[in-house]
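Structure first, commentary second.
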Amino acid sequence: MINSKGFMQWGGKRYHSLNYHLRGKFGQKVFKIPLDAGLTCPNRDGTLSIGGCAFCSLRGSGDFAGDRSKNLEGQFAQVKTIMHRKWAQGKYIAYYQAFTNTYAPVERLQYLYHLALQHPGVVGLAVATRPDCLPDEVMDLLEEINHKTYLWVELGLQTIHETTSQAMNMHYCFNDFQDALNKLRARNIETCTHIILGLPGESIEDMKQTGRKIAQMDIQGLKIHLLHLMQGTPLEEIYKKNPFAFLEADEYVELVIDLLEMLPPQVVIHRLTGDSPRNLLIGPTWSLNKWEILNRIDQRLVERDTWQGRDAEEPYSYF
Ligand code: SF4
Numbered sequence: 000m001i002n003s004k005g006f007m008q009w010g011g012k013r014y015h016s017l018n019y020h021l022r023g024k025f026g027q028k029v030f031k032i033p034l035d036a037g038l039t040c041p042n043r044d045g046t047l048s049i050g051g052c053a054f055c056s057l058r059g060s061g062d063f064a065g066d067r068s069k070n071l072e073g074q075f076a077q078v079k080t081i082m083h084r085k086w087a088q089g090k091y092i093a094y095y096q097a098f099t100n101t102y103a104p105v106e107r108l109q110y111l112y113h114l115a116l117q118h119p120g121v122v123g124l125a126v127a128t129r130p131d132c133l134p135d136e137v138m139d140l141l142e143e144i145n146h147k148t149y150l151w152v153e154l155g156l157q158t159i160h161e162t163t164s165q166a167m168n169m170h171y172c173f174n175d176f177q178d179a180l181n182k183l184r185a186r187n188i189e190t191c192t193h194i195i196l197g198l199p200g201e202s203i204e205d206m207k208q209t210g211r212k213i214a215q216m217d218i219q220g221l222k223i224h225l226l227h228l229m230q231g232t233p234l235e236e237i238y239k240k241n242p243f244a245f246l247e248a249d250e251y252v253e254l255v256i257d258l259l260e261m262l263p264p265q266v267v268i269h270r271l272t273g274d275s276p277r278n279l280l281i282g283p284t285w286s287l288n289k290w291e292i293l294n295r296i297d298q299r300l301v302e303r304d305t306w307q308g309r310d311a312e313e314p315y316s317y318f
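Residue numbers for the sequence shown follow numbering that gives the first Met the number 0, so the first one is 0 and each next one is one higher.
What follows is the structure, encoded as structure tokens:
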């Protein structure tokens, strides 16, 4: 919506939040139920590597997903109880978050996806994966699911810079991401791209280049993560040998806003910063004040009198 000042606002925000998007689509509060399906990742099981991406936690970047030792019903119940303390009413997006959720025989994936959709109150499915794990039979399954329910696929990109992806032991690169995105969009499947700000060796300009590049691509959603250095990750070892600087809070806030300005207004912002379990976080410790950072972003958007899409390259379509 364009207000009288000529800029866009989404439910009082100056960026197109996931909350706003889901309320508009379903007419009520919808929250995600992060799940751990008990899968693994080719970058951990020895297919590509055993170390995993340097920044990936022991829980496969699913630190707030349901407890892996519980079955999916148990995980649903656990996460719903926590969510409903905050919101009495609401529907759910089942969110396969931990590890690589397209990396299993297609029959198993079919079972898992349908199981989640059968849960009362579930109105959609989100599937997080790496771009090199989308073979044709999995694409076919996702296309079938996409015809039945609201689906998006979360693709880890993290950076467009190959030097960084190699240093972070990711074993995929920007070309893999482009290829996966093209295939998903050819099937009309929505996507949400993950990027990380603050990766070691990257300058602010490098990070902006990642933002600029994805702003020109056919993405429907974006998750911006702050790099967290967590105990037990390969990155901890890298840091011990060669300590690198963390982004400062103010630097992060300004950078996030620079990226928002580049992004077309229809791109849904799933996240503007990240969480990390307090007991595992080495740095930056300011990131523990997540709400303070989000409030600071809102405040700086007003002070800079700017908004998502201000500098986006047209043409783009509204909603
Ligand atoms: S692809 Fe994802 S799950 Fe696999 S190691 Fe990297 S961050 Fe972890």
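The beta-carbon is built from N, C-alpha and C at its ideal position, and this holds for glycine as well.
### 7 Å CB neighbourhood of residue 144 in its chain, flanking five on each side removed
Position 145 of the sequence shown holds residue 144. Taken in chain order, the residues that qualify are 112, 124, 150.
### Message
Between the stretch 244-261 and the stretch 294-302, can you find at least three pairs of beta-carbon atoms closer than 8 Å?
### Response
yes
### Task
Put residue 318 into one of helix, strand or coil per three-state DSSP.
Within the sequence shown, numbered from 1, the residue matching residue 318 stands at position 319. At residue 318, the pLDDT of 36 sits below 50, so the modelled position is not reliable; the number obtained from the coordinates is stated separately. Here residue 318 sits in coil by DSSP.
### Task
Return the CA-CA distance between residue 245 and residue 215, expressed in angstroms with no decimal places.
Taking the sequence shown and counting its residues from 1, the one referred to as residue 245 is at position 246. Taking the sequence shown and counting its residues from 1, the one referred to as residue 215 is at position 216. Looking at the two C-alpha atoms, the distance is approximately 28 Å.
### Task
To the nearest angstrom, report how far apart residue 262 and residue 9 are at their CA atoms.
Here residue 262 refers to the residue found at position 263 when the sequence shown is read from its first residue. Here residue 9 refers to the residue found at position 10 when the sequence shown is read from its first residue. Their Cα atoms are separated by approximately 14 Å.
### Beta-carbon contacts of residue 200 that lie in its chain and below 8 Å, excluding the five residues immediately before and after
For the purposes of this step, residue 200 is taken as residue 201 along the sequence shown, with counting starting at 1. Closer than 8 Å at the Cβ level, and outside the excluded window around residue 200, lie 162, 163, 166, 243.
### Message
Quick check: does the Cβ of residue 51 come within less than 8 Å of any heavy atom belonging to ligand 1?
### Response
By 1-based counting over the sequence shown, the position of residue 51 is 52. True, at least one ligand heavy atom lies under 8 Å from that Cβ.
### Task
Just list the beta strand (DSSP E) runs in the stretch 122-201, keeping only unbroken ones of 3 residues or longer that don't cross its boundaries, in chain order.
149-157, 189-196
### Task
Give me the Cα-Cα distance between residue 259 and residue 227, rounded to the nearest whole angstrom.
As a first step, residue 259 must be located in the sequence shown, where it is residue number 260. As a first step, residue 227 must be located in the sequence shown, where it is residue number 228. Residue 259 and residue 227 have their C-alpha atoms some 21 Å from each other.
### Task
Would you check if the distance between the CB atom of residue 159 and the CB atom of residue 213 is smaller than 9 Å?
As a position in the sequence shown, residue 159 is number 160, starting the count at 1. As a position in the sequence shown, residue 213 is number 214, starting the count at 1. Cβ atoms of residue 159 and residue 213: closer than 9 Å.
### Query
Do you know offhand how far residue 92's Cα is from residue 282's?
As a working mapping, residue 92 is identified with position 93 in the sequence shown. As a working mapping, residue 282 is identified with position 283 in the sequence shown. Computed Cα separation, rounded: 31 Å.
#### Entry: Exposure label - residue 68; buried when at least 16 CB within 10 Å
Taking the first residue of the sequence shown as position 1, residue 68 is located at position 69. It is exposed - the Cβ of residue 68 has fewer than 16 other Cβ atoms within 10 Å.
### Query
Taking just the CA atoms, how far does residue 40 sit from residue 304?
For the purposes of this step, residue 304 is taken as residue 305 along the sequence shown, with counting starting at 1. For the purposes of this step, residue 40 is taken as residue 41 along the sequence shown, with counting starting at 1. Taking the straight line from one Cα to the other gives about 43 Å.
### Query
What are the boundary residues of the alpha helix (DSSP H) that residue 299 is part of?
Translated into positions along the sequence shown, residue 299 becomes position 300. Run containing residue 299: 289-302, per the alpha helix (DSSP H) assignment.
### Task
Give a single yes or no on whether residue 101 has its beta carbon closer than 8 Å to a heavy atom of ligand 1.
Walking along the sequence shown from the start, residue 101 turns up at place 102. The answer is no for residue 101.
### Query
Whole-angstrom Cβ separation of residue 247 and residue 220, contact assumed at under 8 Å?
Taking the sequence shown and counting its residues from 1, one reaches residue 247 at position 248. Taking the sequence shown and counting its residues from 1, one reaches residue 220 at position 221. That belief does not hold up - the Cβ atoms of residue 247 and residue 220 are roughly 27 Å apart, past 8 Å.
### Task
Give the C-beta separation of residue 78 and residue 101 to the nearest angstrom, bearing in mind that I take them to be a contact with Cβ-Cβ under 8 Å.
To locate residue 78, count along the sequence shown from 1; it is residue 79. To locate residue 101, count along the sequence shown from 1; it is residue 102. Contact flag wrong, Cβ pair sits at about 21 Å.
#### Entry: Ranges of the beta strand (DSSP E) found wholly within the stretch 216-300, counting only runs of at least 3
220-225, 267-270, 280-282
### Query
Taking DSSP as the reference, what is the three-state secondary structure of residue 309?
Within the sequence shown, the letter at position 310 stands for residue 309. Here residue 309 sits in coil by DSSP.
### Task
Can you say whether residue 80 is buried or exposed, counting buried as having 16 or more other CB atoms within 10 angstroms of its CB?
In the sequence shown, counting from the first residue as 1, residue 80 sits at position 81. Looking at its Cβ environment, which holds fewer than 16 other Cβ atoms inside 10 Å, residue 80 is exposed.
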